[in-house]
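Engineer: Okay, here's the structure, questions in a sec.
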Amino acid sequence: MFGLQIRFLSFFFGLLTILSFFNIIYSYYLNLYLNLDTYYWCLIISLVISVLFYKIKISRKKPNIYNKILTVFLGYLLLPLILSIPFYLSIYNLTFLNSFFEAVSGFTSTGFTIFENIKHIDQSLILWRSSSQWIGGLYFLFSIIFLIDIYDDNFKKSLTNFISFNSSEIFKQAIKIFFLYSGLTLLIFIILNIFSIRSFDSLNLALTIISSGGFLPVNDLSNIIRENSQVIILSLLMLLSFFSIFFSYNLIFIKNKNINFFYEDLHLIIYYIIIISIFFLFFSFNSNYSNNLLSISTSISNIGFSLDDQRSNLIFIFLILVIIGGSFFSTSSGLRFIKVYSLFKYSMNQILSFSRPKNIFMNRLIFTKINFDFNEINKYFLTILIFIISLFLLTSLLSLNGIDFESSFKLSILTLMNTVNSSIYGLAGFDFNNLHFLTKYILIFFMIIGRIELLTILLLLKKFLFKN
Numbered sequence: 001m002f003g004l005q006i007r008f009l010s011f012f013f014g015l016l017t018i019l020s021f022f023n024i025i026y027s028y029y030l031n032l033y034l035n036l037d038t039y040y041w042c043l044i045i046s047l048v049i050s051v052l053f054y055k056i057k058i059s060r061k062k063p064n065i066y067n068k069i070l071t072v073f074l075g076y077l078l079l080p081l082i083l084s085i086p087f088y089l090s091i092y093n094l095t096f097l098n099s100f101f102e103a104v105s106g107f108t109s110t111g112f113t114i115f116e117n118i119k120h121i122d123q124s125l126i127l128w129r130s131s132s133q134w135i136g137g138l139y140f141l142f143s144i145i146f147l148i149d150i151y152d153d154n155f156k157k158s159l160t161n162f163i164s165f166n167s168s169e170i171f172k173q174a175i176k177i178f179f180l181y182s183g184l185t186l187l188i189f190i191i192l193n194i195f196s197i198r199s200f201d202s203l204n205l206a207l208t209i210i211s212s213g214g215f216l217p218v219n220d221l222s223n224i225i226r227e228n229s230q231v232i233i234l235s236l237l238m239l240l241s242f243f244s245i246f247f248s249y250n251l252i253f254i255k256n257k258n259i260n261f262f263y264e265d266l267h268l269i270i271y272y273i274i275i276i277s278i279f280f281l282f283f284s285f286n287s288n289y290s291n292n293l294l295s296i297s298t299s300i301s302n303i304g305f306s307l308d309d310q311r312s313n314l315i316f317i318f319l320i321l322v323i324i325g326g327s328f329f330s331t332s333s334g335l336r337f338i339k340v341y342s343l344f345k346y347s348m349n350q351i352l353s354f355s356r357p358k359n360i361f362m363n364r365l366i367f368t369k370i371n372f373d374f375n376e377i378n379k380y381f382l383t384i385l386i387f388i389i390s391l392f393l394l395t396s397l398l399s400l401n402g403i404d405f406e407s408s409f410k411l412s413i414l415t416l417m418n419t420v421n422s423s424i425y426g427l428a429g430f431d432f433n434n435l436h437f438l439t440k441y442i443l444i445f446f447m448i449i450g451r452i453e454l455l456t457i458l459l460l461l462k463k464f465l466f467k468n
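Okay, so the sequence shown: first residue is 1 according to the numbering used here, each after it adds one.
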């Protein structure tokens, strides 16, 4: 019954095996033996699980959407369990809960950390933290395709420009996405090296940026990024996780270019230009504009880290950018800009239609002939409604657990949007290590919800609580 779904998870346990092997090689190369045994355990356990899952016979029966949701949710629980092994067995005496919290935070590309001082961690474990984000970002992309049936037809049509949903082509499509994702990671690494960022930091930043993660190899980004040119290039590289992962591929390799390949990304380009123009005109008089550019890019891409440049008057604006998010098929989180824009345009057309009943208003995205119908608008509205409910629920739970309301509200947004706490959101010094164990479990649950969306949980509840 679960054959196809188990094969889906088998692929990622195999990737964990490869990442464990690379960490072993890296540890031997740099004589880092403190946590070496932990990666052997990861390699053995992930390899055994991968082989067992792969050997399970595939059912000929097509899995329904509920089985797929359960599979993806199971992956967000099982894979971090393996990722938590090096934290738990390390010399740093982490509890199981703290280890699992760190692993889930990395795998969901959130970036909350229980480590108070990153410079005291050995390099192999820092690399493992960054790798957990990288594989988590890839898992998220695969999950979008795996759960494509719950999204509207316009998004599915945009993906068919590049992806075949024929079950016989699943392996080829997986390889395609894997190499594109890996290639972009390598590109980021090379560019950062060109701009005089040392190789170890460049590697960790590349793994973080491509996955929209928030883990840094140092305590403060200013220890790595010191020049304006480095700030600007880092800001631009963050856009690779803001736009669709296929945007660069389509620009370079598609000969007969069609607007359907780029319609969402064109909207995102205009949105990005408008945002940076507004900041240039109104918010850059008393500060370095390159820092503003970094804050904008890190917020819209849901990465979240920043230079130590806290400005309380802009916190709300940056949080709004975090909530809106980026492209549908990117590693960023958020409500997705195209959904917010479509819902806004439809609402304005409805208002105008009452004031000007003789006029006809087209519910069409600019640059395209794509119309969005009432059913799609209902889905967009439901997405925003679910976010508001989730935000209210998480804020209430955190407040009840002793966190002040303002911090609870901001932390709830960042948790649901899988964005790391930093100075631009006024939460740079937040202490996750000493939180109550119940609060940590709540954050773990909602970090996962931020990746699979509460809509999928509601579908499961509908399945099991409202059976005919």
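Backbone N, C-alpha and C fix where the C-beta goes; we use that ideal spot for every residue, glycine too.
Everything numeric in this text was worked out from a predicted model, so none of it was measured.
Starting from ARG129, trace the alpha helix (DSSP H) in both directions and tell me its first and last residue.
Structural biologist: Here the alpha helix (DSSP H) through ARG129 covers 123–146.
Engineer: Contact between the region 273–292 and the region 394–414: three or more CB pairs below 8 Å?
Structural biologist: The region 273–292 is not in contact with the region 394–414.
Engineer: By the three-class DSSP mapping on this structure, what secondary structure does GLU116 have?
Structural biologist: Reduced to three states, the DSSP call for GLU116 is coil.
Engineer: Check whether the region 263–271 and the region 230–248 touch, using three or more Cβ-Cβ pairs below 8 Å as the test.
Structural biologist: Touching, per the Cβ criterion.
Engineer: To which residues of the same chain is GLU227 closer than 7 Å at the C-beta, ignoring the five residues directly before and after it?
Structural biologist: The answer is none, since no qualifying residue turns up.
Engineer: Using CA coordinates, which residue listed in LEU127, ILE452, ASN98, LEU438 is at the minimum distance from THR383?
Structural biologist: It is ILE452 whose Cα lies nearest to the Cα of THR383.
Engineer: Keeping to the same chain, check which residues put their C-beta closer than 7 Å to that of LEU125; ignore five residues upstream and five downstream.
Structural biologist: Excluding sequence neighbours, LEU125 sits near ASN35, PRO86, SER90.
Engineer: Have a look at TYR40 and ILE24 and give me their C-alpha separation to the nearest angstrom.
Structural biologist: About 7 Å.
Engineer: In this structure, how does DSSP classify ASP201 when only helix, strand and coil are distinguished?
Structural biologist: It is helical.
Engineer: Can you find a CB in chain B that lies within less than 8 Å of the CB of PHE445?
Structural biologist: In summary, chain B is missing from the structure at hand, where a single protein chain is found.
Engineer: Could you give the DSSP three-state label for SER330: helix, strand or coil?
Structural biologist: In the structure shown, SER330 sits in coil (DSSP, three-state: anything other than H, G, I, E or B).
Engineer: Give every residue of the same chain whose Cβ lies closer than 7 Å to the Cβ of SER99, excluding the five residues on either side of it in the sequence, and list them in chain order.
Structural biologist: Result list for SER99: SER84, PHE87, TYR88, in chain order.
Engineer: Just how far apart, CA to CA, sit GLY3 and ILE148?
Structural biologist: Low confidence applies to GLY3: its pLDDT is 48, below 50, so where it sits in the model is not reliable, and the reading given next is rough at best. Taking the straight line joining both Cα atoms gives about 19 Å.
Engineer: Using three-state DSSP, classify ARG226 as helix, strand or coil.
Structural biologist: Three-state DSSP puts ARG226 in coil, outside helix and strand.
Engineer: Look at the alpha carbon of ILE233 and the alpha carbon of TYR272, and state the distance between them as a whole number of angstroms.
Structural biologist: Straight-line Cα distance between these residues: approximately 16 Å.
Engineer: Going by CA-CA distance only, name the one from PHE146, THR331, GLY14 that's closest to LYS55.
Structural biologist: It is GLY14 whose Cα lies nearest to the Cα of LYS55.
Engineer: Mind checking GLY429: buried by the 16 CB within 10 Å criterion, or exposed?
Structural biologist: Exposed, since its Cβ has fewer than 16 Cβ neighbours within 10 Å.
Engineer: If you pair each beta-carbon of the region 302–314 with each one of the region 386–406, do three or more pairs fall below 8 Å?
Structural biologist: No: the two stretches stay apart, fewer than three of their Cβ pairs being nearer than 8 Å.
Engineer: Pull up the distance between the alpha-carbon of ILE18 and that of LEU335, whole angstroms please.
Structural biologist: Their backbone Cα atoms lie some 33 Å apart in a straight line.
Engineer: Between GLY325 and LEU79, what straight-line distance do the alpha-carbon atoms span, to the nearest angstrom?
Structural biologist: Looking at the two C-alpha atoms, the distance is approximately 25 Å.
Engineer: By alpha-carbon positions, which one of PHE101, TYR26, PHE8, GLU116 ends up nearest to PHE437?
Structural biologist: If we check each option's Cα against that of PHE437, PHE101 comes out closest.
Engineer: Locate the alpha helix (DSSP H) running through GLY111, then write down its first and last residues.
Structural biologist: Segment: none, GLY111 is in no alpha helix (DSSP H) and carries neither H nor E.
Engineer: If you run the structure through DSSP and keep just helix, strand and coil, what is PHE387?
Structural biologist: It is helical.
Engineer: Does the distance between the C-beta of SER99 and the nearest non-hydrogen atom of the ligand SAM fall short of 7 Å?
Structural biologist: This structure simply doesn't include the ligand SAM, nor any ligand for that matter.
Engineer: So, with DSSP's three-state summary, where would you put GLY183?
Structural biologist: Correct three-state label for GLY183: helix.
Engineer: What first and last residue would you give for the alpha helix (DSSP H) that runs through HIS267?
Structural biologist: Taken as a continuous stretch (DSSP letters only), the alpha helix (DSSP H) holding HIS267 covers 263–282.
Engineer: Give the secondary structure of ILE338 by DSSP, where H, G and I count as helix, E and B as strand, and everything else as coil.
Structural biologist: Note: ILE338 maps to helix in three-state DSSP.
Engineer: Apply the 10 Å Cβ neighbour rule to VAL72 and answer buried if 16 or more other Cβ atoms are within range, or exposed otherwise.
Structural biologist: It is buried - the Cβ of VAL72 has at least 16 other Cβ atoms within 10 Å.
Engineer: Quick check on this structure: which residue in ASN250, LEU30, ILE274 has the alpha carbon closest to the alpha carbon of TYR263?
Structural biologist: Among ASN250, LEU30, ILE274, the Cα nearest to that of TYR263 is on ASN250.
Engineer: To the nearest angstrom, report how far apart PHE53 and ILE225 are at their CA atoms.
Structural biologist: Rounded to the nearest angstrom, the two C-alpha atoms are 43 Å apart.
Engineer: Determine, using beta carbons only, whether ILE175 and PHE142 come nearer to each other than 8 Å.
Structural biologist: No, the pair does not count as a contact, with Cβ atoms beyond the cut-off.
Engineer: Starting from TYR40, follow the alpha helix (DSSP H) in both directions and report where the run begins and ends.
Structural biologist: Run containing TYR40: 36–55, per the alpha helix (DSSP H) assignment.
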